[in-house]
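Read the structure below first, then the notes.
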DNA sequence: CTATAATTTCGACAAGGTTCGAATTAGAAG
DNA sequence: CTTCTAATTCGAACCTTGTCGAAATTATAG
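Residue numbers (my numbering), protein chains in the order written: chain A, 156 to 280; chain B, 156 to 280.
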């Protein structure tokens, strides 16, 4: 699968993405480009122990269990989470490398100086 | 509008996203969750002068001009790029704050390196 | 003022995604 | 073995989206 540590791409504003890299990243981004999956990912990652049971996740939404299961599958297929069955329940946890990959893609090139509040540079040309 | 400087959300694995924040972020993520728009964004951001003409962008794809225009509109509506008409051509440039917002969302929180603790801190604001 | 070129808007269609209800698998408990 | 609960898979509606061709808009050139 080669999804663990892929130094895939430079920050998006540094050099043009190749067609294959763009297609690859789009798959992962499509997975997170949904309110439900975004919240699922957030709930899993911020849960105690770094993992969350499906039962907890399902209760937090006004959606049926099959729908939540579908969203979890999308996240898992995209390589963002991993699921493990322990007894009756299934626990999911985030795959940090995948999230880091997205973070690197949108890493700021012109970073606002730390310690200094609100100093967004833009414009002068 | 209020899309320029929104210090919206904590990293995705730190605390559960609210329903509104998730919906808001999903709009922006949907905009970049497409191979064409990903490449467009990358080409615009990495272009000399930080801006690119639509004519240059259109030639790089096997798509019609209306389709490229549609994708640019999606990116612009999501607050990721801004367009300006100078004479015959229209030039687009990235809105850095929007990209930074996504970068902050996927900022690494728990790195899988057990040896060195606490060496990656996230940015203030 | 007319012609030409660049870009966007409009209308339409095919493809894909979200959601549900019903059926299915897997493990635990009686 | 049977039954109950947790989670997934399946099949079908409904909505959204990517794409194109044609027409409209905007600005330069003659």
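Heads up, the beta-carbon is just placed ideally off N, CA and C, and yes, glycines get one too.
Next on the checklist: On the DSSP letters alone, give me the boundaries of the alpha helix (DSSP H) that residue 223 of chain B sits inside.
Outcome noted: 220 to 232
Checklist entry - Which residues, in chain order, does the region 214 to 236 of chain A contribute to contact with chain B at a C-beta distance below 9 Å? => result 215
Checklist entry - So which residues of chain B does residue 170 of chain A contact, with C-beta pairs closer than 8 Å? => result 197 and 201
Checklist entry - Within 10 angstroms of its Cβ, does residue 173 of chain A collect 16 or more other Cβ (buried), or is it exposed? => result exposed
Next on the checklist: Please classify residue 220 of chain A as buried or exposed, where buried requires at least 16 neighbouring CB atoms within 10 angstroms.
Outcome noted: exposed
Next on the checklist: Do residue 264 of chain B and residue 203 of chain B count as a contact pair if the criterion is CB distance below 8 Å?
Outcome noted: no
Checklist entry - Among B:260, B:191, B:229 and B:236, which has the Cα closest to the Cα of residue 217 of chain B? => result Looking at the Cα atoms, B:191 is the closest of the given residues.
Item to check | CB contact flag (residue 260 of chain A, residue 249 of chain A, <8 Å) | outcome: Not a contact, by the Cβ cut-off of 8 Å.
Checklist entry - Listed from N- to C-terminal order along the chain, which residues in the region 236 to 252 of chain A have their beta-carbon within a distance smaller than 8 Å of any beta-carbon of chain B? => result Here the close residues are 249, 251 and 252.
Item to check | chain B residues whose Cβ lies nearer than 7 Å to that of residue 193 of chain A | outcome: Result: 172, 177, 180 and 181.
Checklist entry - Run through DSSP, which three-state label would residue 252 of chain A get? => result helix
Checklist entry - So what's residue 179 of chain B in DSSP terms, helix, strand or just coil? => result helix
Next on the checklist: On the DSSP bridge list, what partners appear for residue 236 of chain A?
Outcome noted: A:249
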